[in-house]
Amino acid sequence: MNTDEKIELAKRILNAFKQFECFVFERNEYNNVKSLLDEIGLTRLVYIGLADPRYREIYIVLPWRLEFEQECQSRIQRLYAERKISEENYKKNRLLMITQCIKHFERERTREIINILEKYIKR
Numbered sequence: 102m103n104t105d106e107k108i109e110l111a112k113r114i115l116n117a118f119k120q121f122e123c124f125v126f127e128r129n130e131y132n133n134v135k136s137l138l139d140e141i142g143l144t145r146l147v148y149i150g151l152a153d154p155r156y157r158e159i160y161i162v163l164p165w166r167l168e169f170e171q172e173c174q175s176r177i178q179r180l181y182a183e184r185k186i187s188e189e190n191y192k193k194n195r196l197l198m199i200t201q202c203i204k205h206f207e208r209e210r211t212r213e214i215i216n217i218l219e220k221y222i223k224r
């Protein structure tokens, strides 16, 4: 893949992340996408996998979120332990609070990915 093709692919990924916070692509592009993400240094920030297990030809790049799930669970638990959240509110809204926390971190990660892609395209 030459430099112009890499820039075009980076622009496609950038536009997708700006609009949808993910990038969907076909199996035949997998190696190009993976090598570009490795080159840019985004591999540690994203997850690459099948968009749906039923469709083996469609892949997706998403912000990596496993650490966010663990962090958000511990934050909500800590708030409850420090009595900053009532027991009733904790029991009633725990999953909602964790989901909101994860969404916040995903948006931050998406901004980070967008910044890295923009820097790559400009150079």
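So my numbering is basically just the index in the sequence shown, starting at one, shifted up by 101.
Glycine included, every Cβ here is placed at the ideal spot set by N, Cα and C.
Count the other C-beta atoms from every protein chain shown that fall within 10 angstroms of the C-beta of R224, then say buried if there are 16 or more, exposed otherwise.
-> Result: exposed.
R208 (DSSP reduced to helix, strand or coil) = The answer is helix: DSSP assigns R208 an H, G or I state.
Less than 8 Å separating the beta-carbons of V162 and F124?
-> Cβ atoms of V162 and F124: closer than 8 Å.
Collapsed DSSP secondary structure at L143 in the structure displayed = L143: coil per DSSP, three-state reduction.
Per-residue DSSP class, three states only, for I161 = Strand, per DSSP.
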